[in-house]
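J.: Residue numbers (the working numbering), protein chains in the order written: chain A, 1 to 722; chain B, 723 to 1084.
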């Protein structure tokens, strides 16, 4: 069978290359706006709802929007297609923010499973293959009882494309862009009877770039105009994943999956010892394994069980001889343990094991009950960065129930309770309540209130490290941290009529005991560190007394025939206070990276020509006002425009061979905006200026025509995201 | 069947890969230590010309001005002590790493003291006499660590050196700049006054030392700063000596003393009282900042931490700006450097250290 398949594929590829002249009527285009509202979302409640009827306000980025935009990464996509997110790529990776709160408060899920591992509180977003994303659902605030109350800012649920049907699927997407930016995605799916296998491979690479070779003169000994420090470092990451599905019967199915991921960030070395000399690269090793099953005892009830294990290890890979903390051959602690080029030294290894049992049951009187149990074990090993023998652990369990109640057609109520138990901080109950009123078919009014609860992570409590950035910065954990709690409230209105949709949502998120990195006096650092390092700044995780984010999100879009236009705007204000024991009073603290105004907008045109060709054109813009920081300057306001095009070839010569072909090309940052603020200071955006990209996707499928096609929007399997 | 075989193979591949991932490839082979030591020994062998060595020990820096100061110091030592090979050591690992790396620059090998000392004892080197000269200003915490390196060496703490050699080698220790309150402090005061009497006639000359945090001031060495101020004020009441870390002797305390003496205006010259002029001299002493906008509020130790000496005295009503910053490390002042060199000379002339088996007496 394999040979036949390969033969078929080869013939199909030859045909694809010579597709000129093929003809077939194009498919009629759906109304973008209508299909969008029919999109099924799951994140807010864990149960399926059409977007327009979702009782918890949910923002969705659809497959079609993703394809039209042609984003290179999840950062690019979220920053470009919503106004709620901000990113700052630096030499260590991406810094993510959602409505003013950092990555530590954003729960990123891939198909409902938590993304694992962080560096400085930031998830590695390279774990997400943009070519596999079916859609992205965003729910603000700790609104869902199911996904954890630690989602204080909100949940980003990445729904990936699945496949569990008969036959063979081969898919390749290759995307190239400026600065040697390469994205490679490959899928191989095989389904036979009750078995299905999906193998994925992704590769992401960029040479990185340097927006300026100037260093901040206030932080250097003399003016430096030839620094080698890059704005974004060269990096390469790849991932291999395998998923096996076994469907015992229509009521019972099991799966097993695993991934391996590697990433390296390359750091060039210059000639100024105080500024740009580097002696190691950064490398990450991730692995995951999961098993689970789904049982559907009745038509309207589902029970799922997932057990997963994740590892995220962080290494230095030395590029020059380097002395680090360690133990000499005689067993004595030393600051001078030597490493040589190409050797590795483990900095941290985070492992997490989770079990999640969940059931959804249809109850009488228009009630739908969800209930679940979650257990979680965190393990952190960082031989030189954590006391307690280099290893700390944490255990959390949670029980939750949620009821969706629709007493009459106009009103839908969702109430949830989540009880967390943490080994250090005991029990905590968080309630959640959402209501949606639909006075007419075109108007939805929503309100929600939810409490959040987040215990300090082992890293926030125990991890310490030194970072050299024009001076030695010491970062300290804090064993005295208290859990954070939040109260999130939002009210919103949504209008959908004809091709027009408009929504406005106001929210307030009050976080008590918010954990934030705060600059503290150097004399508060452990004296050993004061004498060992000439400390420039010391930063430590501390509980702020009060923090509050308040804002308004507005979305508008209009679609008519082939055109679609829209935009979003986000206003944000933050207010945070730290108790200053030196002076016995509250002091204001800036939440790093906060910007008051963010917006984006788009205009797209999609047209199917009589020839077997469908063209999509898109113009996008995004803007942010000044971003505020505690140290090293504020980030400048910016505005960036992007042009994208998509080209679908839908001819008989290809489709009769099971092939489809798609090309995308575009130009980002058309007006070549570059923030050339010197190194050592914050940038508003790290864009390198105008960049171009092009990508080709070739897909082959053989067997019953049940694979999800490029246009999967409203009719995909409803049950994949449990 | 074929498909099942395929699945089994795929599973096996995944399992193998996961197993590979689970292995910790943290490459911490014990041979690294030896390999590094061998590199240091090779360096010493290549530079060995005499039978006696002087090892200068400093905290270290990544600043070019500091490198120049160290180069100048090594050159001066070579000139003054022609019978000795001169080596320079950093105790900061970060400074050692940065100095030895970099693109298109000659590596500066300021190895840690333990590696230098071990190299001195290797076959083919084996200096007859080793003089360790502390480049610290006060006999405080850092100096104590220098002594401990010598003790570990003399006692063959790791058991990897030739005990017969250790029993014979002559070990000497050159003390810090302000070791002796009665001899060194007046001498340094005299040299500083001869260099800066013009400025002292014009306004305040405020020296900024480092100092040890209070609970780390085990050896009560911080008092040297106070003694130096007293000695300098014998020449001119306009001299002050404060620190970055010494309790009750921050810049705020210097200001209080100035005000108590009736100095409420005029010029304030600032000068690092550190062996080199690096991060502290350029940032803590002469940095620009906007802390004044938030009001200069002292912390619980009485120091205004967020601002430099320059900005502090400027906002306190004095003429204190870039023109009054004297960016010189003490090693850049030949007459002050001579005090350290005299300590080396005294060590050479004095009795050898009796550290052999001092830790574990037989």
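Virtual Cβ for every residue (Gly too), placed ideally from N, Cα, C. What you are looking at is a predicted structure, and each value in this text was computed from that prediction instead of being measured.
Helix, strand or coil for residue 1064(B)? Go by DSSP, reduced to three states.
T.: It is helical.
J.: Whose CA, out of 180(A), 698(A), 536(A), 529(A), lies closest to the CA of residue 236(A)?
T.: Ranking the options by Cα distance to residue 236(A), first place goes to 180(A).
J.: If you check the beta carbons only, do residue 778(B) and residue 899(B) fall under 9 Å apart?
T.: No. Outside cutoff.
J.: Compute the distance between the beta-carbons of residue 1006(B) and residue 969(B), then report whether it is under 9 Å.
T.: Their beta carbons are not under 9 Å apart, which means residue 1006(B) does not touch residue 969(B) by this criterion.
J.: Could you tell me whether the Cβ of residue 270(A) comes closer than 9 Å to any Cβ of chain B?
T.: Yes, residue 270(A) lies at the interface with chain B (some Cβ there is under 9 Å from its Cβ).
J.: DSSP on residue 706(A), reduced to helix/strand/coil?
T.: No answer about residue 706(A) holds up, because its pLDDT of 41 lies below 50 and its placement is not dependable.
J.: In chain A, which residues lie with their C-beta within 9 Å of the C-beta of residue 785(B)?
T.: In chain order: 221, 273, 274.
J.: Classify residue 1084(B): buried if its beta carbon has 16 or more other beta carbons within 10 angstroms, exposed otherwise.
T.: For residue 1084(B), the predicted structure reports a pLDDT of 39, less than 50, and the residue's modelled location is therefore unreliable. A value from the coordinates is still provided. Exposed: under 16 other Cβ atoms inside 10 Å.
J.: Count Cβ pairs between the stretch 439-456 of chain A and the stretch 110-124 of chain A that sit closer than 8 Å; are there 3 or more?
T.: No, because fewer than three Cβ pairs between the stretch 439-456 of chain A and the stretch 110-124 of chain A fall closer than 8 Å, the two stretches do not touch.
J.: State yes or no: is the C-beta of residue 574(A) within less than 9 Å of the C-beta of residue 547(A)?
T.: In contact: residue 574(A) and residue 547(A) (Cβ atoms closer than 9 Å).
J.: Would you list, in chain order, the members of the stretch 338-350 of chain A that have their beta-carbon closer than 7 Å to a beta-carbon of chain B?
T.: Result list: 338, 339, 340, 343, 344, 345, 346.
J.: Assuming residue 631(A) contacts residue 596(A) (C-beta within less than 8 Å), just tell me the rounded distance between them.
T.: Not really, about 20 Å apart at Cβ, beyond 8 Å.
J.: Which residues bound the alpha helix (DSSP H) around residue 1034(B)?
T.: Element bounds for residue 1034(B): 1031-1037.
J.: Between the Cα of residue 394(A) and the Cα atoms of 343(A), 456(A), 344(A), which residue gives the shortest distance?
T.: The shortest Cα separation from residue 394(A) among 343(A), 456(A), 344(A) belongs to 456(A).
J.: Residue range of the beta strand (DSSP E) that residue 794(B) falls in?
T.: It is not in any beta strand (DSSP E) - residue 794(B) instead sits in the alpha helix (DSSP H) that spans 786-802.
J.: How should residue 609(A) be labelled, buried or exposed, when 16 other C-beta atoms within 10 angstroms of its C-beta is the threshold for buried?
T.: Its Cβ having fewer than 16 others within 10 Å, residue 609(A) is exposed.
J.: Hey, does residue 532(A) have any beta-carbon neighbour from chain B nearer than 9 Å?
T.: At least one chain B Cβ lies under 9 Å of residue 532(A).
J.: Quick one: is residue 145(A) buried, meaning 16 or more other Cβ sit within 10 Å of its Cβ, or exposed?
T.: Counting Cβ neighbours within 10 Å, residue 145(A) comes out buried, since at least 16 surround it.
J.: Give me the Cα-Cα distance between residue 76(A) and residue 151(A), rounded to the nearest whole angstrom.
T.: Whole-angstrom Cα-Cα distance: 22 Å.
J.: If you count every other CB in all the chains shown that lies within 10 Å of the CB of residue 838(B), and 16 or more means buried, which is it?
T.: It is buried - the Cβ of residue 838(B) has at least 16 other Cβ atoms within 10 Å.
J.: Given this structure, state the Cα-to-Cα distance separating residue 353(A) from residue 376(A), to the nearest angstrom.
T.: About 6 Å.
J.: Give the DSSP-derived three-state secondary structure of residue 82(A) in the structure shown.
T.: Three-state result, residue 82(A): coil.
J.: Between residue 853(B) and residue 896(B), how many whole angstroms is the CB-CB distance? I'm expecting something under 8 Å.
T.: Correct: roughly 6 Å between the Cβ atoms.
J.: Do the stretch 41-56 of chain A and the stretch 116-125 of chain A make contact, defined as three or more Cβ pairs closer than 8 Å?
T.: No, the stretch 41-56 of chain A is not in contact with the stretch 116-125 of chain A.
J.: Rounded to the nearest angstrom, what separates residue 333(A) and residue 871(B) at their Cα positions?
T.: Cα to Cα, the separation comes out at about 14 Å.
J.: Could you check how far apart the C-beta atoms of residue 442(A) and residue 496(A) are, in whole angstroms? I think they sit under 8 Å.
T.: Contact flag correct, Cβ pair sits at about 5 Å.
J.: Return the CA-CA distance between residue 726(A) and residue 634(A), expressed in angstroms with no decimal places.
T.: Only positions 1 to 722 of chain A appear in this structure, which leaves residue 726(A) out of reach.
J.: Express the C-alpha separation of residue 682(A) and residue 619(A) in angstroms, rounding to a whole number.
T.: Cα-Cα distance, rounded: 28 Å.
J.: First and last residue of the beta strand (DSSP E) that includes residue 586(A)?
T.: Unbroken beta strand (DSSP E) run through residue 586(A): 585-588.
J.: Quick check on residue 797(B): buried or exposed, where buried means 16 or more other Cβ atoms within 10 Å of its Cβ?
T.: Exposed.
J.: Taking a Cβ distance cut-off of 7 Å, strictly less, list which residues of the stretch 277-310 of chain A are near chain B, in chain order.
T.: Of all residues in the stretch 277-310 of chain A, 277, 279, 285, 287, 289 have a Cβ within less than 7 Å of some Cβ in chain B.
J.: Since residue 823(B) contacts residue 320(A) with CB under 8 Å, what's their CB separation in whole angstroms?
T.: With 8 Å as the limit, residue 823(B) and residue 320(A) qualify as a contact, their Cβ atoms being about 4 Å apart.
J.: Per DSSP, what kind of secondary structure is residue 838(B) in: helix, strand or coil?
T.: Three-state result, residue 838(B): helix.
J.: Using a C-beta to C-beta distance shorter than 9 Å, which residues of chain A count as neighbours of residue 1010(B)?
T.: In chain order: 218.
J.: Please list the terminal residues of the continuous beta strand (DSSP E) segment that includes residue 623(A).
T.: That run of the beta strand (DSSP E) goes 613-624.
J.: Let me check understanding here. Comparing Cα to Cα, which of 1025(B), 999(B), 957(B), 1000(B) lies closest to residue 973(B)?
T.: Cα-wise, what sits closest to residue 973(B) is 1025(B).
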